[in-house]
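Input: a single structure, listed below in structure tokens.
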Amino acid sequence: MDLLQRTAHEVRDLMRKKEISSKELTEAALDRIEKIDGQIEAFLHTSRERALTWAQEVDKRLQEGQELSDLAGIPMALKDNICTEGIPTTCASKILGNFVPPYNATVTEKLYQGKAILVGKTNMDEFAMGSSTENSAFRKTKNPWDEQRVPGGSSGGSAAAVASSEVFYALGSDTGGSIRQPASFCGLVGLKPTYGLVSRYGLIAYASSLDQIGPLTKDVEDCALVLNAIAGHDPMDSTSAEGKEVDYRKALISDVKGLKIGIAKEYFGEGIDEAVKRNVYAAIEQLKSLGADYEEVSLPHTEYALPTYYILASSECSSNLARFDGIRYGYRTESYDNLTDLFVKTRSEGFGEEVKRRIMLGTYALSSGYYDAYYKKALQVRTLIKQDFDKAFEKFDVLIAPTTPTPAFRLGEKTDDPLQMYMSDVCTVPINIAGIPAISVPCGFVEGLPVGLQIMGKHFAESTLLRVAYTVEQNNAYHKERPAL
Amino acid sequence: MTISIKDVEQVANLARLSFTKQEKQDFAEKLTAIVGYIEKLNEVNVEGVEPTYHVLPLLNVLRKDEVQPSMEREKVLANAPDPQQGCFKVPKIME
Chain A
14 MDLLQRTAHE
24 VRDLMRKKEI
34 SSKELTEAAL
44 DRIEKIDGQI
54 EAFLHTSRER
64 ALTWAQEVDK
74 RLQEGQELSD
84 LAGIPMALKD
94 NICTEGIPTT
104 CASKILGNFV
114 PPYNATVTEK
124 LYQGKAILVG
134 KTNMDEFAMG
144 SSTENSAFRK
154 TKNPWDEQRV
164 PGGSSGGSAA
174 AVASSEVFYA
184 LGSDTGGSIR
194 QPASFCGLVG
204 LKPTYGLVSR
214 YGLIAYASSL
224 DQIGPLTKDV
234 EDCALVLNAI
244 AGHDPMDSTS
254 AEGKEVDYRK
264 ALISDVKGLK
274 IGIAKEYFGE
284 GIDEAVKRNV
294 YAAIEQLKSL
304 GADYEEVSLP
314 HTEYALPTYY
324 ILASSECSSN
334 LARFDGIRYG
344 YRTESYDNLT
354 DLFVKTRSEG
364 FGEEVKRRIM
374 LGTYALSSGY
384 YDAYYKKALQ
394 VRTLIKQDFD
404 KAFEKFDVLI
414 APTTPTPAFR
424 LGEKTDDPLQ
434 MYMSDVCTVP
444 INIAGIPAIS
454 VPCGFVEGLP
464 VGLQIMGKHF
474 AESTLLRVAY
484 TVEQNNAYHK
494 ERPAL
Chain B
35 MTISIKDVEQ
45 VANLARLSFT
55 KQEKQDFAEK
65 LTAIVGYIEK
75 LNEVNVEGVE
85 PTYHVLPLLN
95 VLRKDEVQPS
105 MEREKVLANA
115 PDPQQGCFKV
125 PKIME
């Protein structure tokens, strides 16, 4: 296997045995990006000089025999809505096209402290609004398994960069499925942590009560290593949870004896591809053969999750994106008559169509006379959706479902019909609404395209999720497949 | 509910956005379809159900009242489209 196709923990071991240096690894990653990214278009910017300087520093420390973190010296990428001081952070939007953050996100800072090597920032749906990365103002990322297809979204650039072995792992953000859906489409492991486990400081906000940062990796072990690096309480994020530090590597146990699995029946209904279902059921049967028990369970409000999500997410985004006014940072229109005209022209020229649509929907839902009918109602339904999960977790350790209704769809297939595009998140949005964690892990292929299995747990049950995901992975070999590029 | 061109204009004004005639038509159609879909929530009986604003039981998160350094002025202004004399310059707000 080519060096770059290996996992982060494998190259960490090679580096520690001095079989490879961080500089060689980083150069190889940057060269590969130069060679294939014209085709995949996963990156919005790369920073070669900076990455190589950092890599040399890691090599020096390794030579000196210093003890370094698991991720030290390993090339990685960040989604372009995660702030990086001195490195452009655009949210794939024209309105932030020239923005260079004056500070780092907490996750950036934590990875830098662990001497991770940032090689570049990845493409995404503008402001993380979308499910295919086609809403980027700058380029359309391709799925490395089939370049006629989307990588998923909104963290499509991060997923494609890891799947095509341009970097060893990447961070994405997940508001309604934006880590798990692209992980599923690109054959990766993708984790949406419990709301509050990872700091959102420096993540450019889309919908603050739903957003979480998480890893996209080639296997479950890498997922645990990255989660170790980014999780933890942060005084800069008042919604970040206080709690004991957990070493997620300890969850890497291939054993599910006695585990109680709930099969959430609403996630296997209309619109879910038969081949996807077959793969997911096969994985569940396998877990049973390994000693787990399963039973069907109903989460009756699941069908209301998607409309609830679109009201809540749009309402929060209309408020969050009010800050883009052309005064303090970002794009400003060229000519204007007065202050209001400056705002209107700046925003109308700076935002793309889907972002405007969600700002409009949210403004409408929050406007006088409609607030109770839409926003408040959605918050009440949110309570019911959360209660469905609470009840299920009284009886089950985890719930299992498909991550996405279908494998990756074709570029352009859903761009004219927003509702069709929204439907691709039907299996992932309930998780964000309830704030629980969920992981997508590869469970097979349909006509050469990866399929993901989604494992959900109660708040802060990441260790349980990792253990079940690890068992699925270690009893199959899907995670060893790489796309031919 | 049908979203009319007039509704689009009103909401656009609140959101500080403007659209061409063609865009207004397109927004009216697509928003009508989306609002039609989200009205599915009318089927749910929510009488007596408390709204969930936030999923974690966090209340009144306060930091210690200690003085901390702020970001340097140059950094704050580095991205400004029109900084002047250490400030953000804005167009006249009163006639």
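First to last, the sequence lines map onto chains A and B.
Following this note's numbering, the numbering of the first sequence begins with 14 at its first residue and continues without gaps.
Following this note's numbering, the numbering of the second sequence begins with 35 at its first residue and continues without gaps.
The beta carbon of each residue, even a glycine, is placed where N, CA and C say it ideally should be.
The model shown is predicted, which means the values in this text are computed figures rather than measured ones.
Can you check whether the C-beta of A:V259 is within less than 9 Å of a C-beta belonging to chain B? no
Extent of the continuous alpha helix (DSSP H) run through A:H22: A21 to R29
Is A:M434 near A:S144, with beta carbons less than 9 Å apart? yes
Find the nearest neighbour of A:L91 within the set A:L229, A:Y317 and A:K257, judged by alpha-carbon distance. A:L229
Against chain B, which members of the region 162-196 of chain A pass a CB distance test of less than 8 Å? none
For the 8 Å Cβ check, are there 3 or more pairs between the region 209-217 of chain A and the region 233-253 of chain A? yes
Anything in the region 438-450 of chain A with a Cβ closer than 7 Å to a Cβ of chain B? List those residues in chain order, please. A447 and G448
Which residues in chain B sit within 7 Å of A:I108, going by Cβ to Cβ distance? Here the premise fails: no neighbours, minimum Cβ distance about 11 Å.
Would you say the beta carbon of A:D159 comes nearer than 8 Å to a heavy atom of the ligand MN? You won't find the ligand MN in this model; it holds no ligand whatsoever.
Starting from the beta carbon of B:V80, find every residue of chain A whose beta carbon is closer than 7 Å, and list them in chain order. K390, Q393 and V394
A:L238 versus A:Y261: straight-line alpha-carbon distance, rounded: 7 Å
When the Cα atoms are used, what is the spatial distance from A:Y219 to A:D138? 11 Å
Candidates A:F151, A:K399 and A:G169: which alpha carbon is nearest A:P157's? A:G169
Terminal residues of the beta strand (DSSP E) in which A:E283 lies: From DSSP, A:E283 is part of no beta strand (DSSP E); its letter is neither H nor E.
Output, in chain order, the set of chain A residues within a Cβ distance shorter than 7 Å of B:T86. L392, R395, T396 and K399
Can you tell me which of A:K390, A:P320 and A:G425 puts its alpha carbon nearest to the alpha carbon of A:E147? A:G425
Nearest to A:S178 by CA position, among A:L397, A:A55 and A:K205, is which residue? A:A55
Same chain, Cβ closer than 6 Å to A:T484, five either side skipped, listed in chain order: S267 and V269
Whether or not the region 299-319 of chain A and the region 354-364 of chain A are in contact is what I'm after, with contact meaning three or more pairs of Cβ atoms, one per stretch, closer than 8 Å; do they touch? no
Among A:G457, A:A305 and A:F112, which has the Cα closest to the Cα of A:R341? A:F112
Could you compute how far the alpha carbon of A:V500 sits from the alpha carbon of A:A173? The question about residue 500 of chain A has no answer here: the residues shown for chain A are numbered 14 through 498.
Could you tell me whether any Cβ in chain B is nearer than 9 Å to the Cβ of A:K369? yes
At what residues does the alpha helix (DSSP H) containing A:P195 begin and finish? R193 to C199
Helix, strand or coil: how does DSSP classify A:T230 here? strand
What residues of chain B sit near A:M373, judged by a beta carbon separation below 8 Å? V42, V45, A46, A49, L51, F61 and L65
Got a sec: which bits of the region 227-254 of chain A sit with their beta carbon under 7 Å from any beta carbon on chain B, in order along the chain? P248, S251, T252 and A254
Just the chain B side, please: which residues come within less than 9 Å of A:G470 by C-beta, in chain order? By Cβ distance, chain B contributes nothing, its closest Cβ being about 14 Å from A:G470, past 9 Å.
Residue span of the alpha helix (DSSP H) that contains A:V481, given as start and end: E475 to Q487
Along the region 83-117 of chain B, what residues have a CB closer than 8 Å to any CB found in chain A? V83, E84, P85, T86, Y87, H88, V89, L90, L92, V95, R97, M105, K109, V110, A112, N113, A114, P115 and D116
Pull up the DSSP beta-bridge partners for B:L48, would you. Paired residue(s): none; B:L48 is not in a bridge.
On the CB-based measure, 16 or more other CB atoms within 10 Å of its CB, does B:N94 come out buried or exposed? exposed
Where B:K47 falls, given that 16 or more other Cβ within 10 Å makes a residue buried: According to the sequence shown, residue 47 of chain B is Asn rather than Lys. Classification for B:N47: exposed.
Would you mind working out which of A:D93, A:M89, A:N94 and A:G99 sits nearest B:N113, comparing C-alpha positions? A:G99
Between A:I449 and the rest of its own chain, which residues show a CB-CB distance below 7 Å, the 5 nearest in sequence each way excluded? T207, F402, M469, G470, K471 and H472
Using a Cβ-Cβ cut-off of 6 Å (strictly less than) and excluding sequence neighbours within five positions of A:S311, which residues of its own chain qualify? K278
Distance, Cα to Cα, A:S327 vs A:Q52? 33 Å
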